[in-house]
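Chains as they are written, first to last, in our numbering: chain A, 3 to 383; chain B, 3 to 383. We put the beta carbon where it would ideally sit given N, CA and C, even for glycine. Predicted model only: the values in this text are computed from it and were never measured.
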DNA sequence: GTGACTTAGTATCACCATGAAACTATGTAG
DNA sequence: CTACATAGTTTCATGGTGATACTAAGTCAC
């Protein structure tokens, strides 16, 4: 597992130095003057704090920016992004998707490695191999984040990952000895939330929700700038929210759960009864405009999705809701029905819902895992 | 409006002095040793910070407590509760309910004043009269909190209070000149949340939800120790959450909203169709054990309430849910059905819901308003 | 161009909240 | 009565902070 790794960030950075470094990372480039205003400290303190950060190479001074008005131009400071890199790995039931990112979570390399076995020890070996291979491409990788579908403790113990067939697996303990860099194991959905929160569409929001649809229904919530991380957070219990008394019965015996209506398997189950066994998710969505039976299936599900979004808006009161996941095509094909579903259960006096639909792929999921590492080892939770 | 008022708290208290004063208020009595441990400061700092607080009379030293083990006994510090008092006023469509509380929100006096008119200026006059009368009983009232049903801005502007018929009323501006103490106007439900958070059942929780049923459905959420106070927070938009496709139609044209099922008017509407026009809420609940028609109405509603609670648990993920309000009898009479409603839509892997049912009256609503004042002018938000 | 002006960033210094350490106070155990 | 344990106080050095005066680097008017 050799890789061109130098020690991680010089020192874990004390209070104000940490605040400055994080502010520049997340909102940079920033001049000293801007930092003083944003962090509410005196100009003198900024000078004192910034100096060692520039000397250590963590921050770099950019060329003075020509100001519009009078006075000395500002000298923006930015994070040095060519020095430290991070690996993010998303484990699915068929493959390992890995990316290398900068400290600002920009993807600079990626790879996919098919999984021959789902045996935890073998997967750990495969993940270590993939990380070593990426590091050999010349990136100084400082830490790794690995994500998977299921609740994970801070130490990397997986209580249950149904799609992988893992139960009570201490994946962190399996993988950590195979790496020579710090490792964090995270729930995949929470990792995606972290990416949106620090570097994504929710960067300027400290109160938002993320909802994913696909093989399951995923949900994460950020309030007051903090990600909700209780034991239930990785379970996506929202999948059992009541949406339709006429819905099917879920694996736990509930009637009309979100997961009996919104997941891709649920959609395909209805579609195959109506349109034939061979139909795929894409075909179902494509046929909706012309085929009444397909349209009915899509619209019913999209309407229910709107109800779910309205419920989230009323209960969690987020300022923004990001909707994404492999099954996001439903929200696009059924956009009108989705909007009707929202309106059917939204208080008319309430603020309109700021809903953002995102199409993402494996890269974004893996990037989320990299952000887990950046958050854990650099930004701090 | 004369009242025996001395200036409010000496000084707004700086950082660590404030932390110490608040910790003793909320969790006292506490010895200096305990404060050092809890606030993670050195013993010397505690001595330095505590001294002026005792000298100013805000804190008092209690008798040394005989310790179990060896060593010098601890000398507990407690908040002086006989010096500063606060008034809380809840305005309903029929009356003003007012209480005087200590700094620790213990009710020491209360009164009710019927409202002859709902004209805002006249109500303001009545509130001022009630506050003056309470102050004349010998309590040095430092600040007042007033709560009502509807969204209120920080300055006391009421955008809409349907039960009072107030729309765009600057009640703070009307009332403030009539008082000689600081005033805060608050949403009634948020005020109740504040009382639970600082001095009530949720004191040890920094993440909980409060749900009330009665003439409407009220909802408040605390996450990370902070009360959600967006513009929608006072609207209780949760009243439109979808619970039952077979429910009635609400005033906004939605089908199966929580408010068409759970509110006392909704319950009575169904009961009068089945059991006669004269039945009251109490009678309906009392008859449920023996009368199948009454039982069906109660159980259907309680089941739906359980679904609502499960939805809150899944979406907001609180560690505790407090259920209360004038219509709380439904949750008691229909306890079994409520529990079935929860189980019908709760992920089996999720942690059990810590549900607390509270029976409260006007006193508790008014006390909430007093806590609004204490929070605003003493504890800080 | 030159000097007045404006704004960014730096150097110096007094301040003060903090923790470490030594000390005092007040109890129990033998 | 002495040894000991724990609470609380005093003293003092430290270090992060803002105020202030300063330097740096530009624009603008003439």
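Going straight from the alpha carbon of residue 205 of chain B to that of residue 183 of chain B, what length do you get?
When only Cα atoms are considered, residue 205 of chain B and residue 183 of chain B end up about 28 Å apart.
Can the beta-carbon of residue 129 of chain A be found less than 7 Å from the beta-carbon of residue 191 of chain A?
No. Outside cutoff.
Same chain only: Cβ atoms within 7 Å of residue 26 of chain A, ignoring 5 sequence neighbours per side:
If we look at residue 26 of chain A and ignore the five residues flanking it on each side, its Cβ neighbours are 32, 61, 79, 80 and 81.
Do you know offhand how far residue 302 of chain A's Cα is from residue 340 of chain B's?
Roughly 28 Å between the two C-alpha positions.
Between residue 161 of chain B and residue 40 of chain A, what straight-line distance do the alpha-carbon atoms span, to the nearest angstrom?
Near 33 Å, if we compare the C-alpha coordinates of residue 40 of chain A and residue 161 of chain B.
Report the residue ranges of all alpha helix (DSSP H) runs contained in full by the segment 119–167 of chain A; include only those spanning at least 4 residues, in chain order.
Correct list: 122–137.
As assigned by DSSP and simplified to three states, the class of residue 382 of chain A
Coil at residue 382 of chain A, not helix or strand.
Within 7 Å (strictly less), CB to CB, does residue 254 of chain A reach chain B?
The C-beta of residue 254 of chain A comes closer than 7 Å to at least one C-beta of chain B.
Under 7 Å, do residue 245 of chain A and residue 287 of chain A count as touching if we go by C-beta distance?
Residue 287 of chain A sits away from residue 245 of chain A, with the two beta carbons spaced by 7 Å or more.
Within 7 Å (strictly less), CB to CB, does residue 128 of chain A reach chain B?
No - not a single Cβ of chain B is within 7 Å of the one on residue 128 of chain A.
When you check each C-beta in the segment 230–246 of chain A against every C-beta of chain B, which residues fall closer than 9 Å?
Against chain B - using a Cβ distance shorter than 9 Å - the residues of the segment 230–246 of chain A are 230, 232, 233, 234, 235, 237, 238, 239, 240, 241, 242, 243, 244, 245 and 246.
Closest to residue 98 of chain A by C-alpha separation, out of A/346, A/373, A/378 and A/369, would be which residue?
Of all alpha-carbon atoms in A/346, A/373, A/378 and A/369, the one lying nearest the alpha-carbon of residue 98 of chain A is that of A/369.
Mapping DSSP to helix, strand and coil, what is residue 80 of chain A?
The answer is strand: DSSP assigns residue 80 of chain A an E or B state.
Anticipated Cβ contact below 8 Å, residue 102 of chain A with residue 148 of chain A, distance rounded
Contact flag wrong, Cβ pair sits at about 14 Å.
Spell out whether any CB of chain A is found under 7 Å from the CB atom of residue 342 of chain B.
With 7 Å as the cut-off, residue 342 of chain B does not count as an interface residue toward chain A.
Assign residue 189 of chain A to one of three DSSP states: helix, strand, or coil.
Three-state result, residue 189 of chain A: strand.
Return the CA-CA distance between residue 351 of chain B and residue 237 of chain A, expressed in angstroms with no decimal places.
Cα-Cα distance, rounded: 8 Å.
Can at least three beta-carbon pairs, one atom from the segment 253–268 of chain A and one from the segment 258–271 of chain B, be found at a separation below 8 Å?
A contact is defined here as three or more CB-CB pairs under 8 Å, and the segment 253–268 of chain A fails this definition with respect to the segment 258–271 of chain B.
Please list, in chain order, the chain B residues whose beta carbon lies closer than 7 Å to that of residue 228 of chain A.
Those within 7 Å of residue 228 of chain A in chain B are 226.
Could you check the C-alpha separation between residue 63 of chain A and residue 49 of chain A for me, to the nearest Å?
Those two C-alpha atoms are separated by around 13 Å.
Starting from the N-terminal side, write out each stretch of the beta strand (DSSP E) that is 3 residues or longer and does not extend beyond the segment 20–78 of chain B.
Along the length of the segment 20–78 of chain B, whole beta strand (DSSP E) runs at least 3 residues long occupy 61–63, reported in chain order.
Nearest candidate by alpha-carbon position, reference residue 77 of chain B, set B/56, B/317 and B/222
Of B/56, B/317 and B/222, the residue nearest in Cα terms is B/56.
Among A/105, A/133 and A/272, whose alpha-carbon lies nearest the alpha-carbon of residue 381 of chain A?
With distances taken between Cα atoms, residue 381 of chain A lies closest to A/105.
Could you check whether residue 327 of chain B and residue 215 of chain B sit closer than 7 Å to each other, using their CB atoms as the reference points?
Result yes, Cβ atoms of residue 215 of chain B and residue 327 of chain B sit closer than 7 Å.
With 16 other Cβ atoms within 10 Å as the buried cut-off, status of residue 88 of chain A
Answer is buried; the Cβ neighbour count reaches 16.
With distances taken Cα to Cα, identify the nearest neighbour of residue 234 of chain B among B/72, B/90, B/154 and B/371.
It is B/154 whose Cα lies nearest to the Cα of residue 234 of chain B.
Assuming residue 266 of chain B is part of the alpha helix (DSSP H), what are its boundary residues?
Looking at the DSSP string, the run of the alpha helix (DSSP H) that includes residue 266 of chain B is 266–277.
Can you grab the Cα-Cα spacing for the pair residue 59 of chain A / residue 85 of chain A, in whole Å?
Near 8 Å, if we compare the C-alpha coordinates of residue 85 of chain A and residue 59 of chain A.
Which term fits residue 334 of chain B, buried or exposed, when burial requires 16 or more other beta carbons within 10 angstroms of its beta carbon?
Counting Cβ neighbours within 10 Å, residue 334 of chain B comes out exposed, since fewer than 16 surround it.
Helix, strand or coil at residue 368 of chain A according to DSSP, with G and I counted as helix
In the structure shown, the three-state DSSP call for residue 368 of chain A is helix.
For residue 145 of chain B and residue 174 of chain B, the rounded distance between their alpha carbons:
Roughly 13 Å between the two C-alpha positions.
Integer-rounded CB distance, given that residue 269 of chain B should sit under 8 Å from residue 283 of chain B:
Residue 283 of chain B to residue 269 of chain B, Cβ: 7 Å. Contact.
State the Cα-Cα distance for the pair residue 232 of chain B and residue 319 of chain A, rounded to the nearest angstrom.
Pairing residue 232 of chain B with residue 319 of chain A, the inter-Cα distance amounts to about 8 Å.
Can you tell me where the alpha helix (DSSP H) holding residue 302 of chain B begins and where it ends?
The continuous alpha helix (DSSP H) containing residue 302 of chain B extends over residues 294–318.
Interface flag, residue 194 of chain B vs chain A, CB-CB below 7 Å:
For residue 194 of chain B, the nearest beta carbon of chain A is not closer than 7 Å to its own beta carbon.
Might you give, ordered along the chain, the residues of its own chain that have their beta carbon closer than 8 Å to the beta carbon of residue 349 of chain B, omitting 5 neighbours on each side?
Excluding sequence neighbours, residue 349 of chain B sits near 316.
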